[in-house]
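These protein sequences, in sequence, are chains V and Y. Residue numbers for the first sequence follow my numbering, beginning at 1026 and rising by one. Residue numbers for the second sequence follow my numbering, beginning at 1026 and rising by one. Cβ coordinates follow ideal geometry from the N, Cα and C atoms, glycine included. Because the structure is a prediction, the values reported are computed rather than measured.
2 protein chains.
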Amino acid sequence: MIKKYIEKSNFEETGFSYTLSLISGKHKMVILYCLMEFQIVRFNELKRYIKKVSDKTLSNNLKELEKDGLIIRTEYNQIPPKVEYSLSEKGKSLMEILDLLCIWGENNRN
Amino acid sequence: MIKKYIEKSNFEETGFSYTLSLISGKHKMVILYCLMEFQIVRFNELKRYIKKVSDKTLSNNLKELEKDGLIIRTEYNQIPPKVEYSLSEKGKSLMEILDLLCIWGENNRN
DNA sequence: CAGAATCCCTTACGATACTG
DNA sequence: CAGTATCGTAAGGGATTCTG
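See below:
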């Protein structure tokens, strides 16, 4: 079962490479965890939550997460603007596995 | 359980951040998968396997994987040099979870 | 064979200023 | 409030050459 990924011998085409591409990006994981905890979060709430992140980088990370179908962006047409972010079903299913990596990390550092 | 990582509100200290730091690096995953399949592999075998990778990058990736305790480097004192790489127990336990991400990726792209 | 050393380049990210 | 636009920096990685 591992073997099938290896035999392709082209890592770019493996499922793992795809998964990694979704979560690479400095703040994507923090964003996902934040959405998992609070369900619905706004742009500036995320910004305060992550502490050190530029508008540009946060915006880019959110766009990619949305494009990849992990989060949902809901825009309310009003002044001042209001945008809410939340996890999609796909995002939730990914988080279940990522939580295992959290636990593994807790148990294996040191 | 998720919550405890969030409440710290310092992602750098979470188990997930630690796990990610181990597998970031362009070729680390391919290396780990290769070691999982073939058990014992030499430097130039890895290089041929990955196809497009420079000596420097491969060397760096291997050093970090060794420093982080995921792989074992065995050096034979001889001319010409001979070095063998293999997975540690820690590396094997990580691969079990990473395989879930492979499967998730296979099922969720498109 | 298994790297180390050097040079170059791309990309991600941050800081700042500005806008509908 | 939720971004966009612009500029600048630093790290990662590639190609090439050299060595015990």
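Item, Value
"Measure from the alpha carbon of F1063 (chain V) to the alpha carbon of each residue in V:D1080, V:G1050, V:E1091 and V:S1111, then state which is nearest.", "V:S1111"
"Is Y1110 (chain V) close to chain Y? Criterion is C-beta to C-beta, closer than 8 Å.", "no"
"V1108 (chain Y) and R1067 (chain Y) - do their beta-carbons sit closer together than 8 Å?", "yes"
"Is I1056 (chain V) helix, strand or coil when you go by DSSP?", "helix"
"For E1089 (chain Y), report the span of its alpha helix (DSSP H) as first-last.", "D1080 to K1092"
"Flag V1066 (chain V) as yes if its beta-carbon sits less than 8 Å from any beta-carbon of chain Y, otherwise no.", "no"
"Could you compute how far the alpha carbon of K1051 (chain Y) sits from the alpha carbon of D1124 (chain V)?", "23 Å"
"When the Cα of L1114 (chain Y) is compared with those of V:N1133, V:S1046, V:V1055 and V:Y1043, which residue comes out closest?", "It is worth fixing the name first, because residue 1114 (chain Y) is Glu in this sequence and not Leu. Per the Cα distances, V:N1133."
"Counting only Cβ pairs nearer than 7 Å, list the residues of chain V close to E1131 (chain Y).", "G1040"
"If you follow the beta strand (DSSP E) that R1134 (chain Y) is in, where does it begin and where does it stop?", "Neither: R1134 (chain Y) is in no beta strand (DSSP E) and is coded neither H nor E."
"Which residues bound the alpha helix (DSSP H) around I1048 (chain Y)?", "G1040 to I1048"
"Check the Cβ of L1123 (chain V) against every Cβ in chain Y and list those closer than 7 Å, keeping chain order.", "F1041"
"Per DSSP, which one or two residues make a beta bridge with Y1110 (chain Y)?", "Y:V1066 and Y:R1098"
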